[in-house]
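A.B. asks: Numbering (our numbering), first residue to last: -13 to 127.
Think of the CB as a built atom: it goes at the ideal place given N, C-alpha and C, for glycine as much as any other residue.
Quick one: the structure is below, questions incoming.
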């Protein structure tokens, strides 16, 4: 039997993915919906406040759920929708804790922010799982 090395203590900073497009918290629901329609390749939008700090994540699913319940969205800002809000991950968060938190909260994307609340990137379940499994390599004799 080949011994398996324990996973290294990797952190969120080691597996950051690009955060993708962001929108202001005052952006209307219709504008966000138009952006999703124009860019089918983006699964989420990072919502930022006036100072550029992360306020949350708006996913296609959360926007669709809002639109299904509300007939009036022309002037509704995304900050008034039910979207993923903090707390957010921090760069030195251990991957095992990040994985457990994402599973428990059913996050498909989790922003990683600096001390000022600005987005450094995002964690995805796939990237976290890949990094954790890649570290479980057989120990060479």
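Please name the residue or residues paired with residue 5 in a DSSP beta bridge.
C.D. replies: The count along the chain shown starts at 1 and reaches residue 5 at position 19. None; residue 5 has no bridge partner.
A.B. asks: Can you tell me where the alpha helix (DSSP H) holding residue 119 begins and where it ends?
C.D. replies: On the chain shown, position 133 is the one that residue 119 refers to. Start and end: 111 to 120.
A.B. asks: Return the bridge partner residues of residue 15 from the DSSP annotation.
C.D. replies: Taking the first residue of the chain shown as position 1, residue 15 is located at position 29. Beta-bridge pairing links residue 15 to no other residue.
A.B. asks: What span of residues does the alpha helix (DSSP H) with residue 79 cover, start to end?
C.D. replies: Counting from 1 along the chain shown, the entry for residue 79 is found at position 93. No alpha helix (DSSP H) contains residue 79, which DSSP labels as neither H nor E.
A.B. asks: Restricting to Cα atoms, I'd like to know which of 99, 81, 32 is closest to residue 48.
C.D. replies: Taking the first residue of the chain shown as position 1, residue 48 is located at position 62. Ranking the options by Cα distance to residue 48, first place goes to 32.
A.B. asks: So, are the CB atoms of residue 108 and residue 5 less than 7 Å apart?
C.D. replies: The count along the chain shown starts at 1 and reaches residue 108 at position 122. The count along the chain shown starts at 1 and reaches residue 5 at position 19. Yes, Cβ-Cβ distance for residue 108 and residue 5 is below 7 Å.
A.B. asks: Should residue 2 be labelled buried (16 or more other beta-carbon atoms within 10 Å of its own) or exposed?
C.D. replies: Walking along the chain shown from the start, residue 2 turns up at place 16. Result: buried.
A.B. asks: Could you work out which residue in 101, 92, 38, 114 is closest to residue 45 when comparing CA atoms only?
C.D. replies: Taking the chain shown and counting its residues from 1, one reaches residue 45 at position 59. The shortest Cα separation from residue 45 among 101, 92, 38, 114 belongs to 92.
A.B. asks: What does the alpha-carbon distance come out to for the pair residue 61 and residue 27?
C.D. replies: Mapped onto the chain shown, residue 61 falls at position 75. Mapped onto the chain shown, residue 27 falls at position 41. Approximately 25 Å between the Cα atoms of the pair.
A.B. asks: The beta strand (DSSP E) that contains residue 60, what's its start and end?
C.D. replies: In the chain shown, residue 60 corresponds to position 74, counting from 1. No beta strand (DSSP E) contains residue 60, which DSSP labels as neither H nor E.
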